[in-house]
Amino acid sequence: MTTAQLSPTDRTTVTRGRNRMVSDRDELHRFLADALVAHLGVVVGDHPLVLPTAYAVDLHGPDEGGSLYVHGSVAAGWLRQAAGATVCVTVTELDGLVAGRSAFHHSMNYCSAVVIGPARVVDDEAERARALDLIVDHMVPGRAATLRASTRKELAATAVLAVPLHEASMKARAGGPVDEPSDVEAGVWGGHIPLRRVSTGAVSGEDSHDRVPDDVARRAASYSAR
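Per this note's numbering, the very first residue in the sequence shown carries number 1; after that it's consecutive.
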């Protein structure tokens, strides 16, 4: 049974910047549902490798704490090395640039999650199909149901990895700089530059009709309204 608190192990216990630690697992779930890009870290041969990847989460997946899914080509060396190995998956959203009154107090506003655990190759056909649909729907909710079924060739060329969500930590920062009183008194400007994800609208492909599907239009509009 997974605790409702984050950082359940030494590997994911925040030791620096504990004032920015997020301990509520529900906050992790909300963050992972909103963010878009994960980075998977794995040791390949004699060196570490970190790769950006699309992802999806199934809180009711078969792994402890739920399952975080990533996918890739069956021919990818990093994927073969990750299978059965302990990997690290990070997800970060940048919310702003913090300009302090000294170089030391410059920072960023962000939310960031770290998930550590054994990567499991998803062999079950039903789970793999669901994971791939979840990855598509994480990008554009409802999109998977509008697409043709994947061919045998496509499925044979694609591998899915699952990482348990149990062992995770999260940190977040918001607001302006935290400066030394003497630097504030010196009169140097301090503040922050908020940043957000924005869409300028869906663009139809040159070989597509002009009517944007409702699911795509809704997704684009969700980023216009932020």
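All C-beta atoms in this analysis are idealised placements derived from N, C-alpha and C, irrespective of residue type, glycine included. None of the values given here were measured: they were computed from a predicted structure.
Taking V216 as the centre and dropping the five residues before and after it, the same chain places the C-beta of V140, R143, A202 closer than 8 Å to its C-beta, in chain order. Residue environment: I193 is assigned as exposed (fewer than 16 neighbouring CB atoms within 10 Å of its CB, all protein chains considered).
V74 sits in coil when the DSSP states are folded into three classes, being neither helix nor strand. A144 sits in a helix when the DSSP states are folded into three classes. The C-beta of R148 has fewer than 16 other C-beta atoms within 10 Å across all chains shown, which makes the residue exposed. At the C-beta level, L161 and V14 stay beyond 7 Å of one another. The straight-line gap separating the alpha-carbon atoms of P118 and R128 is approximately 17 Å.
Rounded to the nearest angstrom, the Cβ distance from D179 to S73 is 48 Å, too far for a contact under 8 Å. Burial check for A75: the Cβ neighbour count within 10 Å stays below 16, so the residue is exposed.
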